[in-house]
Amino acid sequence: MNQDIERVLLSEEEIAAKVKEIGAKISEDYAGRDPIIISVLKGSFMFMADLVRAITIPCTVDFMSVSSYGSGTSSSGEVKIVKDFDNSIENRHVIIVEDILDSGRTLSYLMKTLKARGAASIALCTFLDKPERRVVPVEVAYSGFRVPDSFIVGYGLDYDQQYRNLPYVGVLKPSVYGE
Ligand SMILES: O=P(O)(O)OC[C@H]1O[C@H](OP(=O)(O)OP(=O)(O)O)[C@H](O)[C@@H]1O
Ligand code: HPA
Ligand SMILES: [Mg+2]
1 MNQDIERVLL SEEEIAAKVK EIGAKISEDY AGRDPIIISV LKGSFMFMAD
51 LVRAITIPCT VDFMSVSSYG SGTSSSGEVK IVKDFDNSIE NRHVIIVEDI
101 LDSGRTLSYL MKTLKARGAA SIALCTFLDK PERRVVPVEV AYSGFRVPDS
151 FIVGYGLDYD QQYRNLPYVG VLKPSVYGE
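Everything in the sequence shown is counted per full-length UniProt numbering, starting at 1 for the first residue and increasing by one.
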C-alpha cells in the first residue's frame with residue numbers, strides 16, 4: 001500500500017463488482033435509447049473507462065472539463081466549463097459521470113446548464129457520494145458507494161494532482177496535507 005494512505009476504503013475487487021453492477025443497470029434502463037455518456041474530467045476518467053466497458057448496449061462517449069473558482073482553500077461555489085463536450089445533446093439521453101459528489105456544486109451547476117440544451121433526458125451517475133458535505137441538493141440516478149467525510153484519493157481522485165493512479169480508494173493521511 002502507498003505510505004501516504006491511512007486506510008483502504010474500497011479494494012480493487014469491491015470497485016470492479018460495483019462498476020459491473022452499475023453498468024448492467026444502465027444497460028437495462030437505457031436499452032434502445034443510445035445514451036451519450038459524458039465524463040467530467042479529470043477525476044472521473046478511471047471510473048468512466050471501467051463503466052463504459054460494463055455497458056453492453058450501444059452508446060457514445062464524450063468528455064468535458066469544469067473548474068471551480070477557489071478563494072483560498074474553499075470554493076466560492078462558482079463553476080465554469082473549461083472544455084465543453086463535442087457532440088450535440090439535443091433530443092439525446094445523457095448520463096453525466098462523476099467520481100465524487102461532495103458539496104454538490106459541480107453537478108448541480110452542470111444539471112442546470114445542460115438542461116437548457118434540449119436533451120431528451122439527463123441523469124447523473126457518481127462513483128462516490130459524501131453526503132455529510134452536501135451544500136446544494138442533487139438528485140443522482142446511479143451512485144456507487146457512500147464515503148465518510150475524510151479526504152479520499154485513488155481510482156481517479158487526487159490530492160494536488162497526485163494519487164489518481166492508485167487502483168483502490170483510500171483515506172489520505174492528514175499529515176500529507178499538513179494537519
Ligand atoms: O460536489 P463538489 O463539491 O462540486 O465536488 C466534486 C468535484 O470536485 C472534484 O473535482 P475537481 O474540481 O477537484 O477537479 P478534478 O476532477 O480535476 O480532480 C471531483 O472530481 C468532482 O468533480
Ligand atoms: O475527498 C475528496 N478527494 C478528492 N477530491 C475531492 N473532491 C471533492 N471531495 C474530494
Ligand atoms: Mg472532478
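Just so you know, even glycine gets a beta-carbon here, dropped at the ideal spot from N, CA and C. The structure presented is a predicted model; accordingly, all values stated were derived computationally and were not measured.
Option nearest residue i by Cα separation, candidates the options
| i | options | result |
| --- | --- | --- |
| residue 78 | 35, 110 and 48 | 110 |
| residue 132 | 1, 100, 125 and 50 | 100 |
| residue 81 | 57, 7, 51 and 41 | 41 |
| residue 10 | 149, 153 and 34 | 153 |
| residue 90 | 138, 118, 32 and 129 | 118 |
| residue 66 | 54, 43 and 56 | 43 |
| residue 35 | 4, 68 and 87 | 87 |
| residue 29 | 121, 4, 112 and 6 | 121 |
Expected contact under 8 Å - CB spacing of residue i and residue j to nearest Å
| i | j | result |
| --- | --- | --- |
| residue 18 | residue 151 | Their Cβ separation, rounded to whole angstroms, is 21 Å, which puts residue 18 and residue 151 out of contact at 8 Å. |
| residue 61 | residue 37 | 5 Å |
| residue 127 | residue 47 | 4 Å |
| residue 54 | residue 20 | 5 Å |
| residue 2 | residue 114 | So it is not a contact: roughly 36 Å between Cβ atoms. |
Straight-line gap, residue i to residue j (C-alpha atoms, nearest Å)
| i | j | result |
| --- | --- | --- |
| residue 63 | residue 15 | 22 Å |
| residue 108 | residue 98 | 12 Å |
| residue 39 | residue 157 | 14 Å |
| residue 71 | residue 52 | Residue confidence is low: residue 71 scores 48 on pLDDT, short of 50, so the model does not pin down where it sits. Its coordinate-derived value is still stated next. So the two alpha carbons sit approximately 35 Å from each other. |
| residue 140 | residue 177 | 30 Å |
| residue 172 | residue 179 | 11 Å |
| residue 124 | residue 95 | 6 Å |
| residue 12 | residue 22 | 15 Å |
| residue 105 | residue 155 | 21 Å |
| residue 130 | residue 142 | 14 Å |
| residue 68 | residue 159 | 15 Å |
Per-residue DSSP class, three states only, for residue i
| i | result |
| --- | --- |
| residue 71 | Summary for residue 71: the model assigns pLDDT 48, below 50, so the residue's position carries little reliability; its value from the coordinates is reported in the next sentence. Residue 71: strand per DSSP, three-state reduction. |
| residue 78 | strand |
| residue 92 | coil |
| residue 45 | helix |
| residue 118 | coil |
| residue 1 | coil |
| residue 157 | strand |
| residue 6 | strand |
| residue 97 | strand |
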